[in-house]
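Student:
2 protein chains.
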Amino acid sequence: MNKNINIAVVGLGQIGNYLYNELNIKKKDIENKTGKKIQIVAISAKNKNKKRRFKVNKKKFYENPFEIFKKEKIDILFECIGLSDGISKKIVETALKNKINVITPNKSLIAKHGDYLAKLAEQNNVCLEFEASVAGGIPVLRTIKEGLATNHISKVYGILNGTTNYILSDMENSNEPFEKVLRKAQRLGYAEPGNPKLDLNGFDAFAKVKILSALAFNCKISKEKCIMEGIQNIELKDIKIANQLGLRIKLLGISEIIDNKLFETVHPCLVSKNTYIGNVNGVMNAVIIEGNPVGQSVMQGEGAGPGPTSSSLLSDLFSIMRGNKKFPFGISSKKRKHIRVFNNNKYSNSLYLRFEVKDKQGVLSTITNRLSRYKISVKRIIQTPDKKSKKATIVIITHKTSEINVKNCLLIFKKNKNILKFPTLIRLYN
Amino acid sequence: MNKNINIAVVGLGQIGNYLYNELNIKKKDIENKTGKKIQIVAISAKNKNKKRRFKVNKKKFYENPFEIFKKEKIDILFECIGLSDGISKKIVETALKNKINVITPNKSLIAKHGDYLAKLAEQNNVCLEFEASVAGGIPVLRTIKEGLATNHISKVYGILNGTTNYILSDMENSNEPFEKVLRKAQRLGYAEPGNPKLDLNGFDAFAKVKILSALAFNCKISKEKCIMEGIQNIELKDIKIANQLGLRIKLLGISEIIDNKLFETVHPCLVSKNTYIGNVNGVMNAVIIEGNPVGQSVMQGEGAGPGPTSSSLLSDLFSIMRGNKKFPFGISSKKRKHIRVFNNNKYSNSLYLRFEVKDKQGVLSTITNRLSRYKISVKRIIQTPDKKSKKATIVIITHKTSEINVKNCLLIFKKNKNILKFPTLIRLYN
């Protein structure tokens, strides 16, 4: 790598904007630590005239990012557009083919096309770095690839989405319902103002799980979705009942090897308030890695926002500038294996089931009979009648049972006139 | 670096022994990931015939480790003897001068001679790696050097000694006194069986603080000790009172920049039970890094024992084998600056003071008068009389006050006949 490093930043949204500023502020420090000079020679965004933190140098500005490849000699390109396909993919592809190192915080791109892009980077002998794609400022990918490189990892899990964690924490603290807290999160910039769906339905966390799996288990990115559930169906009622039971609801992303098969899930979990993970609140993210011989390693930090994201983007820059050439997923694409996916029907948990029913005789026994026919044994029942509306809430905590069993068992409640809505299911994390 | 890497392991105590085994188990995996072959060509320990996990290959065994340099071509040497000077220093020195990369878990050596040895490594263009010297299996040094490389770090602190954390946790859980719990810790292998002093008096944690400071603030290792206190004076009584106050006692190592000066301390702290650090129990270590723009990063994991230590030693090996050449302290020795030390007289905290007194009239007012003369204002007093023995325990929680003020104020109680022993002081962590 030359002594002078030319940089392009493509995409000047919240992240790109902050990054550009940070690059200017930290320029000297980075040069000091790496012994190389950096120069931002090109920036690109849709709108040249939008108000930004900095004055746009029009000579460096490209409305069409593909022009950059023709006009400038770039060493490192930051992709900060954020799409899973389209122009994001095309830019990264073109850069790698032109032997330009790429750094991106784009989890959906990596989760979808990471295998292909990693291979492309390797063929062209450049780096593709994406530390910021998982858990914001927590350098968890680097830790798996390097700090824990020689461990045998059996499981990686954690709170990978700050938006949902903020909403769940705030519902508990403020006693306010989902919709209201979501609007508050949007006002505070913790949730997308337009369409927060990808955070809420678990999609965002699932992309991160896929990236973590690939690194932890040296495997290709899986194309399957074992279980992906978000927090859209969690009501304040569930949070209050959990609270009484000494539990807290967390949206966990889990990746583990069970019977030599890969099992990836994102779903809300009930965890004990006394556990570590039960106390990671607000917008914080946390990742727990179980490895041998290291034991359990925990990393916690701010999971989102331009500050933590920039920290990770710059650590990638730093790594590339120090000449630390790496395979994007820790080992060569050729050596990354396919791991078959665990059949999620066999996934087994204790369950929290909440039924909203008409307060009539026989309803409880209908439910318990049905459960017992499927050999789902009950650990605890809490029935709370609402005399006024002649309704009742029945919460049942079951012993461990398999997914397929529950799915079949609960089916009937879709069309029972005494059961007012399909039961809410939350898995207990053991 | 050649394709064939020759390794020497010097010192076959608990760590060296485990490492040697791990190297053999992980050989294939490391070769797979790095594309290089490893070969342990020399091992050395005092006693060739001691019982070990593995059969000693007598051809590779050296009773005098310095013979290795004459007879073998070594690429990487593991120093696992563990002294702060003497043979440990001599071995590392000789290896570096012979252009051999060195990996060591030896915190006392690095805390004492790290500056000199780092310079030697740089002059000879080889690596000196010591990830295992701080916080066992937690890759915290690598995280500061790389993952958070471009952050401006203002503070690093945490629980850096597993032995003392185990003892404090177990005293609380078992309700047993210090001496008894210490013996239990020794039986379980959590405390040195012979002389646990260096863990208990804060020396071990202080060495780690020094290494963390040098990395976090890009400075030379400080030769001064601001405050170094261990847990030897903590009694079960203090733990119980803390418990009533919703607090927990933790031995914290703290390194921060105050008024552009370096402040390093190790001392017991009272922390709230609701905080993260208040819930890191048992032999766990935790390090909290405050940086800009990343915010607060937390890393937790097993801080000691041969498994976690080997994980870090092998991550160093992996890094060197991948050709990841680094300055031992992140930046060149020439650029590491001296930072002046903060005057600890100005260090200011709320305090917990426990007085054991004769249960006589006027004793409390003697104490409070003395405190008020030094403008130490009282936030809370808890007096517990022991009628039978005509004694009383007085616990005072003060508002913030400076170290020098307290030191002067408490002096008088050394020779007061109504005060049965010099008061126990524990600082509240804010």
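Protein sequence lines, in the order shown, are assigned to chains A and B. Under the working numbering, the first residue of the first sequence is numbered 1, with each subsequent residue one higher. Under the working numbering, the first residue of the second sequence is numbered 431, with each subsequent residue one higher. Don't be surprised by glycine CBs; every beta carbon is placed ideally from N, CA and C. Note that the structure is predicted; figures quoted are calculated from it, not measured.
So, is the C-beta of B/Ile910 closer than 7 Å to a C-beta in chain A?
Tutor: Given that chain B is displayed from residue 431 to residue 860, the structure contains no residue 910 of chain B and the question cannot be resolved.
Student: Using only CA atoms, which one of A/Gly253, A/Ile320, A/Val283, A/Met284 lies nearest to A/Leu270?
Tutor: Residue mapping note: residue 270 of chain A aligns to position 270 of the first sequence, counting from 1. Taking only the C-alpha atoms, the option nearest A/Leu270 is A/Gly253.
Student: Determine which residues share a DSSP beta bridge with A/Glu176 and list them.
Tutor: As a first step, residue 176 of chain A is located in the first sequence; it is residue number 176 there, counting from the start. According to DSSP, A/Glu176 bridges with nothing at all.
Student: Report the rounded CA-to-CA distance for A/Arg380 versus A/Thr398, giving the unit in angstroms.
Tutor: As a position in the first sequence, residue 380 of chain A is number 380, starting the count at 1. As a position in the first sequence, residue 398 of chain A is number 398, starting the count at 1. Each residue's alpha carbon lies about 7 Å from the other.
Student: Taking 7 Å as the CB-CB cut-off, is A/Phe54 touching chain B?
Tutor: Within the first sequence, numbered from 1, the residue matching residue 54 of chain A stands at position 54. Not closer than 7 Å to any Cβ of chain B, the Cβ of A/Phe54 fails to qualify, so no.
Student: Should A/Val294 and A/Asn151 be called a contact, given that it needs their Cβ atoms to be closer than 7 Å?
Tutor: By one-based count along the first sequence, residue 294 of chain A stands at place 294. By one-based count along the first sequence, residue 151 of chain A stands at place 151. Going by C-beta atoms, A/Val294 is nearer than 7 Å to A/Asn151.
Student: Check the Cβ of B/Arg572 against every Cβ in chain A and list those closer than 8 Å, keeping chain order.
Tutor: Numbered from its first residue, the second sequence carries residue 572 of chain B at position 142. Result: Arg142, Thr143, Glu146, Gly147.
Student: For chain B, check one thing: does any of its Cβ atoms lie closer than 7 Å to the Cβ of A/Leu160?
Tutor: Residue mapping note: residue 160 of chain A aligns to position 160 of the first sequence, counting from 1. No, A/Leu160 lies away from the interface with chain B (no Cβ there is under 7 Å from its Cβ).
Student: Does DSSP put B/Leu743 in a helix, a strand or coil?
Tutor: For this step, residue 743 of chain B is matched to residue 313 along the second sequence. DSSP places B/Leu743 in helix when its eight states are reduced to three.
Student: Using beta-carbon positions only, say whether A/Val140 and A/Met299 come within less than 7 Å of one another.
Tutor: Locating residue 140 of chain A in the first sequence gives position 140, where the first residue counts as 1. Locating residue 299 of chain A in the first sequence gives position 299, where the first residue counts as 1. Cβ atoms of A/Val140 and A/Met299: closer than 7 Å.
Student: Tell me the DSSP bridge mates of A/Ile396?
Tutor: Within the first sequence, residue 396 of chain A is the residue found at index 396, counting from 1. Paired residues: A/Leu353, A/Ile381.
Student: Based on Cα-Cα distance, which residue from A/Ile234, A/Gly189, A/Gln186, A/Lys210 lies nearest to A/Gly201?
Tutor: For the purposes of this step, residue 201 of chain A is identified with residue 201 of the first sequence, where counting begins at 1. Correcting the residue type first, residue 201 of chain A is Asn in the shown sequence and not Gly. Closest option to A/Asn201, Cα to Cα, is A/Ile234.
Student: Out of curiosity, what's the CA-to-CA distance linking B/Ile884 and B/Ile574?
Tutor: The structure shown does not extend to residue 884 of chain B, since chain B spans only 431 to 860, so no value can be given for it.
Student: Would you kindly work out how many angstroms separate the C-alpha atoms of B/Pro758 and B/Leu558, rounded to a whole number?
Tutor: The sequence position of residue 758 of chain B within the second sequence is 328, counting from 1. The sequence position of residue 558 of chain B within the second sequence is 128, counting from 1. For B/Pro758 and B/Leu558, the distance between alpha carbons rounds to 5 Å.
Student: Quick check on B/Glu493: buried or exposed, where buried means 16 or more other Cβ atoms within 10 Å of its Cβ?
Tutor: Residue 493 of chain B sits at position 63 when you count from the first residue of the second sequence. It counts as exposed.
Student: Classify B/Asp515 as buried or exposed, calling it buried when 16 or more other Cβ atoms lie within 10 Å of its own Cβ.
Tutor: Against the second sequence, residue 515 of chain B aligns to sequence position 85. It counts as exposed.
Student: Once you ignore the five residues that flank B/Ser741 on each side, which residues in its own chain have a CB closer than 7 Å to its CB?
Tutor: Here residue 741 of chain B refers to the residue found at position 311 when the second sequence is read from its first residue. Correct list, in chain order: Gly567.
Student: Within the 7 Å Cβ cut-off, does A/Val156 reach chain D?
Tutor: Although the question refers to chain D, the structure presented lacks it and instead comprises the protein chains A and B.
Student: For the alpha helix (DSSP H) containing B/Phe499, name the first residue and the last one.
Tutor: The count along the second sequence starts at 1 and reaches residue 499 of chain B at position 69. Unbroken alpha helix (DSSP H) run through B/Phe499: 496–501.
Student: Does B/Lys537 pass the burial test, meaning 16 or more other C-beta atoms within 10 Å, or should it be called exposed?
Tutor: Translated into positions along the second sequence, residue 537 of chain B becomes position 107. B/Lys537 should be labelled buried.
Student: Around the Cβ of A/His338, are there at least 16 other Cβ atoms within 10 angstroms (buried) or fewer (exposed)?
Tutor: Counted from its first residue, the first sequence places residue 338 of chain A at position 338. So A/His338 counts as exposed.
Student: Under the rule that 16 or more other beta-carbon atoms within 10 Å means buried, what is B/Gly446, buried or exposed?
Tutor: By one-based count along the second sequence, residue 446 of chain B stands at place 16. Under this definition B/Gly446 is a buried residue.
Student: By the criterion of Cβ-Cβ separation under 8 Å, what are the contact partners of A/Met299 in chain B?
Tutor: Residue mapping note: residue 299 of chain A aligns to position 299 of the first sequence, counting from 1. The answer, in chain order, is Ser727, Val728, Met729, Gln730.
Student: For B/Gln662, write down the residues that DSSP places opposite it in a beta bridge.
Tutor: Position 232 of the second sequence, counted from the first residue, corresponds to residue 662 of chain B. According to DSSP, which records beta bridges pairwise, B/Gln662 is partnered with nothing at all.
Student: Can you look up A/Asn195 in the DSSP assignment and give me helix, strand or coil?
Tutor: Stepping through the first sequence from its first residue, residue 195 of chain A is reached at position 195. DSSP places A/Asn195 in coil when its eight states are reduced to three.
Student: Check whether the Cβ of B/Asn581 lies closer than 7 Å to any Cβ atom in chain A.
Tutor: Translated into positions along the second sequence, residue 581 of chain B becomes position 151. Yes, contact with chain A.
Student: Residues of chain B with a CB under 7 Å from the CB of A/Glu22: which are they?
Tutor: For this step, residue 22 of chain A is matched to residue 22 along the first sequence. Within 7 Å Cβ-Cβ: Pro723.
Student: Quick one: using the 10 Å Cβ neighbour count with 16 as the cut-off for buried, is B/Gly753 buried or exposed?
Tutor: Along the second sequence, read from residue 1 onward, the residue named residue 753 of chain B stands at position 323. Exposed is the call here.
Student: Using a Cβ cut-off of 7 Å, pull out every chain A residue sitting near B/Gly619, in sequence order please.
Tutor: What you label residue 619 of chain B is simply residue 189 of the second sequence in a count that begins at 1. By Cβ distance, chain A contributes nothing, its closest Cβ being about 15 Å from B/Gly619, past 7 Å.
Student: Going by beta carbon distance, what residues of the same chain come within less than 6 Å of B/Lys481, once the five residues before and after it are set aside?
Tutor: One-based indexing of the second sequence puts residue 481 of chain B at position 51. Contacts found: none.
Student: Evaluate B/Ser745 with the Cβ neighbour count: other Cβ atoms within 10 Å of its Cβ, from every protein chain shown; 16 or more gives buried, anything less gives exposed.
Tutor: The residue you call residue 745 of chain B lines up with position 315 of the second sequence. By the 10 Å Cβ count, B/Ser745 comes out buried.
Student: Is the beta carbon of A/Val395 less than 7 Å from the beta carbon of A/Ile241?
Tutor: If you number the first sequence from 1, residue 395 of chain A lands on position 395. If you number the first sequence from 1, residue 241 of chain A lands on position 241. Yes, the pair counts as a contact, with Cβ atoms nearer than the cut-off.
Student: Kindly list the residues whose CB is nearer than 6 Å to the CB of A/Asp359, restricted to its own chain and excluding five residues on each side of it in sequence; keep chain order.
Tutor: Mapped onto the first sequence, residue 359 of chain A falls at position 359. Hits under 6 Å: Pro385, Lys390, Lys391, Ala392.
Student: Using a Cβ cut-off of 7 Å (strictly closer), state whether A/Gly307 contacts chain B.
Tutor: The sequence position of residue 307 of chain A within the first sequence is 307, counting from 1. Chain B contact via Cβ: present.
Student: Can you tell which of A/Glu176, A/Tyr18, A/Leu198, A/Thr163 has the C-alpha that lies nearest to the C-alpha of A/Ala185?
Tutor: Within the first sequence, residue 185 of chain A is the residue found at index 185, counting from 1. Selected option, being the one with the closest Cα: A/Thr163.
Student: Does DSSP classify A/Ser44 as helix, strand or coil?
Tutor: Residue numbering aside, residue 44 of chain A sits at position 44 when the first sequence is read from its first letter. Looking at A/Ser44 - three-state DSSP - the assignment turns out to be strand.
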